[in-house]
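Add 55 to a position in the sequence shown, counting from 1, and you land on the number used in the numbering used here. Beta carbons: idealized from backbone N, C-alpha and C, even for Gly. To keep things clear, I will list the structure first and then write my remarks on it.
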Amino acid sequence: MNRLSETTLSTLPASVRKPSYERSKARVGIVHLGLGAFHRAHQAVMTERVLAGGDLAWGIAGVSLRSPETRDALAPQDGLYTVAVRGAEEDRFEIVGAILQSLVAPEDPEAVLALMAAPDTRIVSLTVTEKGYCHKPATGELDEAHAGIVHDLAEPARPQTAIGFLVEALDRRRRVGLAPFTVLSCDNLPSNGRTVAKVVQRFAALRDPELGAFVTDKVAFPSTMVDRIVPATTDADRALVAEALGVEDAWPVMAEPFSQWVVEDRFPAGRPAWERAGATFVGDVEPFELMKLRLLNGSHSTLAYLGYLAGHETVADAMAAPGFAELLEAMMREEITPTLPTLPGFDLAGYRAALIHRFQNPALRHRTWQIAMDGSQKLPQRLLGTIRDRLRAGQSFDRLALGVAAWMIYATGHGEHGHAIDVRDPLAQRFAAATADKRTAEALVEAYFGFPEVFGADLTHEPRFREAVTRALAGLLSIGAAHTVFEVGGH
Ligand code: CS2
56 MNRLSETTLS TLPASVRKPS YERSKARVGI VHLGLGAFHR AHQAVMTERV
106 LAGGDLAWGI AGVSLRSPET RDALAPQDGL YTVAVRGAEE DRFEIVGAIL
156 QSLVAPEDPE AVLALMAAPD TRIVSLTVTE KGYCHKPATG ELDEAHAGIV
206 HDLAEPARPQ TAIGFLVEAL DRRRRVGLAP FTVLSCDNLP SNGRTVAKVV
256 QRFAALRDPE LGAFVTDKVA FPSTMVDRIV PATTDADRAL VAEALGVEDA
306 WPVMAEPFSQ WVVEDRFPAG RPAWERAGAT FVGDVEPFEL MKLRLLNGSH
356 STLAYLGYLA GHETVADAMA APGFAELLEA MMREEITPTL PTLPGFDLAG
406 YRAALIHRFQ NPALRHRTWQ IAMDGSQKLP QRLLGTIRDR LRAGQSFDRL
456 ALGVAAWMIY ATGHGEHGHA IDVRDPLAQR FAAATADKRT AEALVEAYFG
506 FPEVFGADLT HEPRFREAVT RALAGLLSIG AAHTVFEVGG H
């Protein structure tokens, strides 16, 4: 079978959407760090619409900070790839051409820096996941002991971390009198613009106080709320795409039909008209971010840990089991919604109902194990912030505590019947060591409270938190996740 490329585009079925602009005339205006599936199914698709609208100044150069796999898949395809939009009833396919170049940072950091420092580059965007910010999740401060940060401070011209790349490129622009690019975080972090600003400004100041002042005074870091469910691609997905397209795509991406992007409109160096692609530009993104992180991601993580422990491979499988949908619905409505700022005119009940529906999408096959990754980085903004607000208001949070308790069991590395779990988390080894000989709920909670970088100094000293999590954990340890959800879900 032929490979997807510029030359095989004309052989695709007429129903497949293809780039409608002259790709050879497009220029790189955006350098994107973190060339994963999410970026390719979200920002790149919105940018594709801008290019199709005739503004060819906003092509993307995608940078992988670690592995060459995506570049190796895309290069023989002239950068083209498929987005398979998988709905409950039908699939739609689109070929995206917005990624004009792909680079692998460890192979040639200089090439990445040169592109970031080029006059045409006006935005550097990021999807590097929570841990890519090298911050302390509980406080948002730069983790100055992080191995990558230590390296990048010692060798600024050959950075390894996204933070090191941003600061070195900004410094190069400053030295030649070029205006800085706008830094656009597209990760699921609270106030992601402010979070990245804080770590970048601190890193720059550690390198040189003048550079620190420049970054603080001159660089814009708009916040964004990003949303689209994009499971990791499997070989079965590749086969599905090959069958539908009649050509092979080494790395297509799978996505749900829903896509949302709310962006703070602060781009001193200019920006694409992403609103033409459905993005919403607002003065203050934070209420949207909080809503999405707490309702969607908070439920997603709860579902992932409980669902995994109960033996469900995918989100849709868990949603079909007794009690899960009811548990999430009640958790969102009773425990999370009252903590959210009001968004005038926004239909929160409709948003919650849509989330349940999205999680039920049977075509996506989103693995609970995938969402369970990096819990130590995700829990603070997904569940713990909400719990803090509930505590402050003197309100109960039993379902949120159940999510935290399920994570505590998951992160020990041992599932319900003693089977080993492949825990992916920067703190995985430390969690395993700290919980190794702990059998009771009390002992486990005590072990996890030794991680203030996750729980902060406050929650570990909060008796109501300890009590609620210990109770949830004791329940899970005695009757298991499936029964607990069945009972709590109100059956
Ligand atoms: C998920 C998110 O993997 C995860 O942790 O909760 O990636 C989720 O699918 C997206 O945030 C949806 O926008």
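Asked: Might you give, ordered along the chain, the residues of its own chain that have their beta carbon closer than 6 Å to the beta carbon of G545, omitting 5 neighbours on each side?; Found: E381
Asked: Where does M56 land, buried or exposed, given buried means 16+ other C-beta within 10 angstroms?; Found: exposed
Asked: Can you tell me where the alpha helix (DSSP H) with I204 in it begins and where it stops?; Found: 202 to 209
Asked: At the level of alpha carbons, what is the spacing between A527 and F379?; Found: 16 Å
Asked: Taking DSSP as the reference, what is the three-state secondary structure of F148?; Found: strand
Asked: Are at least three pairs of beta-carbons, each pair with one atom in the region 153 to 172 and one in the region 220 to 236, less than 8 Å apart?; Found: yes
Asked: Give me whichever residues DSSP pairs with F336 in a beta bridge.; Found: V318
Asked: Looking only at its own chain, which residues have a Cβ that is under 7 Å from the Cβ of V86, when we skip the five neighbours before and after it?; Found: A116, V118, L170, M171, T176, V179
Asked: How is the alpha helix (DSSP H) around D282 delimited, first residue to last?; Found: Here D282 belongs to no alpha helix (DSSP H); instead the beta strand (DSSP E) covers 279 to 282.
Asked: Three-state secondary structure (DSSP) at L136?; Found: Just to set this straight, residue 136 is Tyr in the shown sequence, not Leu. Y136: strand per DSSP, three-state reduction.
Asked: What separation, rounded to the nearest whole angstrom, lies between the Cα atoms of F322 and D198?; Found: 28 Å
Asked: Between D282 and the ligand MN, is the CB less than 8 Å from at least one heavy atom?; Found: Here the bound small molecules are the ligand CS2; the ligand MN is not part of this structure.
Asked: May I ask you to report which of helix, strand or coil DSSP gives G117?; Found: strand
Asked: Is any heavy atom of the ligand CS2 found at a distance shorter than 8 Å from the C-beta of N416?; Found: no
Asked: Is any heavy atom of the ligand CS2 found at a distance shorter than 8 Å from the C-beta of N247?; Found: no
Asked: Could you please give me the residues that DSSP links to R95 through a beta bridge?; Found: DSSP, once it has assigned bridges, lists no residue as partnering R95.
Asked: Touching or not, the region 181 to 193 and the region 231 to 246, by the rule of three or more beta carbon pairs under 8 Å?; Found: yes
Asked: Hey, A324 and F236 are a contact pair by Cβ (cut 8 Å); roughly how many whole angstroms apart?; Found: 6 Å
Asked: Which residue comes first and which comes last in the beta strand (DSSP E) that contains S180?; Found: 178 to 181
Asked: Quick check on DSSP: helix, strand or coil for M346?; Found: helix
Asked: Are the Cβ atoms of W306 and T288 separated by less than 9 Å?; Found: yes
Asked: Using the rule of at least 16 other Cβ atoms within 10 Å of the residue's Cβ for burial, across every protein chain shown, is G405 buried or exposed?; Found: exposed
Asked: With a Cβ-Cβ cutoff of 9 Å, do W329 and T66 count as a contact?; Found: no
Asked: Once DSSP output is grouped into helix, strand and coil, what is the label at G84?; Found: strand
Asked: Write down every uninterrupted run of the beta strand (DSSP E) in the region 209 to 240 whose length is 3 residues or greater and which is fully enclosed by it, in chain order.; Found: 237 to 240
Asked: Shortest alpha-carbon distance to P68 belongs to which of A310, H94, V140, I150?; Found: I150
Asked: Excluding the 5 residues preceding and the 5 following L120 in the sequence, name in chain order all residues of the same chain whose CB lies nearer than 7 Å to its CB.; Found: L88, G89, A160, V183, A217
Asked: What is the rounded straight-line gap between the Cα of G134 and the Cα of E298?; Found: 20 Å
Asked: For the beta strand (DSSP E) holding I154, just list the boundary residues, first then last.; Found: 154 to 159
Asked: Less than 7 Å between C-beta atoms, sequence neighbours within five positions excluded: which residues of the same chain meet that for T525?; Found: A496, E497, V500
Asked: Which two residues bound the contiguous alpha helix (DSSP H) that contains M387?; Found: Per DSSP, M387 belongs to no alpha helix (DSSP H) and is neither H nor E.
Asked: Using a 10 Å radius around the Cβ and a threshold of 16 neighbouring Cβ atoms, would you call I391 buried or exposed?; Found: buried
Asked: Tell me whether L197 sits in a helix, a strand or coil according to DSSP, three-state version.; Found: strand
Asked: Kindly indicate which three-state DSSP category H469 falls into: helix, strand or coil?; Found: strand
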